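See below for the structure under consideration.
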Amino acid sequence: MLSFTFRYGSLWRRAAALLIDLLLLSVMGFVLLDPFLVHLGHQTVYAATLRIPISVDIMRGYSEWLIVMLIISWLYFAMMESSRKQGTIGKRLLGLMVFTSGEERVDFWHATTRFWIKLLTIGTGLFGFILAFWDSRSRTLHDRVAMTIVLQAQPEISSRYPDA
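When we follow this note's numbering, the leftmost residue of the sequence shown carries the number 61, and every step to the right adds one.
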């Protein structure tokens with residue numbers, strides 16, 4: 061008979077889950093990029109009639125795409141981590157779940173805080189992730205700020221039938 065206990069998710073397992081999620085979001089981004097490039101082509105023709113430099117128009121097109129991808133990423137992480145599954149697709153594939161520090165389900169606003177601080181951490185050279193090496197609960201900067209923890213389900217064989 062198996063029962064499940066939890067242990068703190070390792071930084072390496074969490075990094076692998078993040079890479080899976082970023083890969084999924086990248087594929088989605090490339091799919092969405094094509095319509096933006098088509099839109100950019102129409103804008104370029106229009107900009108030529110207004111004498112706007114093409115470089116300005118290209119920057120506008122890519123910045124629109126970047127904003128849309130940022131919103132999609134935020135909703136992906138916040139909605140998935142605050143759902144019943146308590147984790148993104150990457151986390152679920154690796155058996156990780158996000159909880160509050162009191163081991164309750166994370167609400168949308170905690171997950172939102174967690175996403176934006178994680179984005180800030182990535183932008184600062186991953187410093188916030190390094191903190192997990194010295195934390196007994198493997199918490200990163202975004203976990204500390206959002207008051208969350210990441211746990212991993214660990215099956216244990218029941219001691220009811222020893223040597224069975």
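Positions of the beta carbon are idealized from the N, C-alpha and C atoms, including for glycine.
Source: prediction; values computed, not measured.
- Segment contact: the segment 130–142 against the segment 81–89, three or more CB-CB distances shorter than 8 Å; contact assigned.
- According to DSSP, residue pairing for residue 65 in a beta bridge involves 214.
- Take residue 129, set aside five residues on each side of it, and the residues of its chain with a beta-carbon closer than 6 Å to its own are 89, in chain order.
- Bridge pairing for residue 159: 165, 209 [DSSP].
- Around the beta carbon of residue 174, a 10 Å sphere encloses 16 or more other beta carbons of the protein chains shown; the residue is thus reported as buried.
- DSSP places residue 147 outside any alpha helix (DSSP H), giving it a letter other than H or E.
- By the beta-carbon neighbour count (other beta carbons within 10 angstroms, threshold 16), residue 119 is exposed.
- Under the 8 Å Cβ criterion, the segment 143–159 counts as touching the segment 72–80, having at least three qualifying pairs.
- Restricting attention to 66, 203, 94, 197, the CA atom closest to the CA of residue 172 is found in 203.
- For residue 206, the closest alpha carbon among the candidates 183, 214, 65, 170 is that of 170.
- Close CB contacts of residue 80 within its chain, under the 7 Å cut and outside five residues either way in sequence, are with 149, 150, 153 (chain order).
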